[in-house]
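In the working numbering, the protein residues as written are 978 to 1321.
Even for Gly, the Cβ is constructed at its ideal location relative to N, Cα and C.
Comments concern the structure below.
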Ligand code: KG4
Ligand code: ZN
């Protein structure tokens, strides 16, 4: 069977066509496409929700027409993100999915964007994946994006409990705000991490908020404010000074994430950890996770680079796994606050 996946929760308009082989319990990407609105939002220093929805409305219908023209109408199900995310953006994808599903007489299912990030690691470089082995459960998934920073216990397929999360800013948001303070553009993560490569992370001792809290709670707002105060007190910074600031900020973020990951490993003793969300595009952080994996002798599964930031393939992976696990999701209305349940 073939699944058309649609993702429009933030500022990427994305489609993917996934073939599912239920007998062999495997899936592969047949085609995918993505239009990023980054250029349009960068002059505002962040995503402007109504501009995002206007651009989705402008792009998505023609993208769908071209995609179906190229790949044929042989589609058995539509999987569409209906939350969490920006409400006006989510509605564009959801409405198109409903219209198309009705016209083609095929089911439309709602996919939670966070489930997409959780399962984004379950696809190899050939864009193929298979049903995970039963013994990977329970595992921990760490979600680090522009809107979310949380550690999730995946008890079994489709059973998720949030263990802990940030008490304020998401980690990607902190990167974006620091980039904005430095007038570096949007999104901040890729720019800050590029400059950080040329800097010395030991130069500025930024705080590591809540690193010693003895639980999984995280906080990034104080770190962002520390950068703000540093910039207020230091004028005429050279290019190298900015590189050092970026490296020092990035190191503080990584120290917090690695320390919280160590906490969750020691508390839950999982065999596997997956990491999803745009911030895992950060190479320093990827390297730190790999080091941690040998320290604790456990597997860290990280998404391939095109699946780190928002995309439709990860939505299609969930659509495919729902088929493989025989889970029939219905279309639920758009819910911008469709969060995962917290652990008791
Ligand atoms: O998952 P994503 O595309 O969107 C959300 O669901 O939020 O994540 C976007 C976030 C942005 O905040 C962006 O700055 C951050 O991921 N990001 C990075 C890097 N690449 C993207 N953060 C740190 N280092 C990177 N290389
Ligand atoms: Zn995302």
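With distances taken between CB atoms, is the gap from residue 1293 to residue 1095 smaller than 8 Å? no
Would you say residue 1089 touches the ligand KG4, meaning its beta carbon is less than 7 Å from a heavy atom? no
Residues with a Cβ closer than 5 Å to any heavy atom of the ligand KG4, in chain order? 1122, 1123, 1124, 1149, 1152, 1153, 1164, 1165, 1166, 1167, 1170, 1254, 1255, 1256, 1258, 1259, 1286, 1287
Are there any heavy atoms of the ligand ZN lying less than 7 Å away from the beta-carbon of residue 1322, as far as the coordinates show? It is not possible to answer for residue 1322, since the shown part of the chain is limited to 978 through 1321.
For residue 1295, the nearest candidate out of 1100, 1078, 1117 (CA to CA): 1100
Where does residue 1034 fall in DSSP's three states? helix
In or out: residue 1318 buried (at least 16 other Cβ within 10 Å) or exposed? exposed
Range covered by the beta strand (DSSP E) that runs through residue 1168: Element bounds for residue 1168: not the beta strand (DSSP E) but the alpha helix (DSSP H), 1165–1173.
Contact set for residue 1003: own chain, Cβ-Cβ below 6 Å, skip 5 residues either direction: 1107
Would you check if the segment 1063–1083 and the segment 1027–1040 touch, i.e. whether three or more CB-CB distances between them fall below 8 Å? yes
Whole-angstrom C-beta distance between residue 1283 and residue 1262, which should lie under 8 Å: With a Cβ gap of about 17 Å, residue 1262 and residue 1283 do not count as contacting.
Considering only residues of the same chain and omitting the five flanking positions on each side of residue 1168, which have a CB-CB separation below 8 Å? 1156, 1161, 1162
Is it true that the CB of residue 1088 sits closer than 8 Å to the CB of residue 1053? no
Please list the segments of the beta strand (DSSP E) lying wholly inside the segment 1033–1077, counting only runs of 3 or more residues, in order along the chain. 1054–1060
Helix, strand or coil, according to DSSP, for residue 1136 in the structure here? strand
Quick check: the segment 1267–1279 against the segment 1238–1250, are at least 3 beta-carbon pairs closer than 8 Å? yes
Runs of 3 residues minimum, wholly inside the segment 1250–1303: which ones carry the beta strand (DSSP E) assignment? 1276–1278
List the whole-angstrom C-beta distance separating residue 990 from residue 1063, where the pair is believed to meet the contact cut-off of C-beta under 8 Å. Actually they do not touch by this definition, with Cβ atoms about 12 Å apart.
Comparing C-alpha positions only, which one of 1310, 1304, 1314, 1309 sits nearest to residue 1136? 1304
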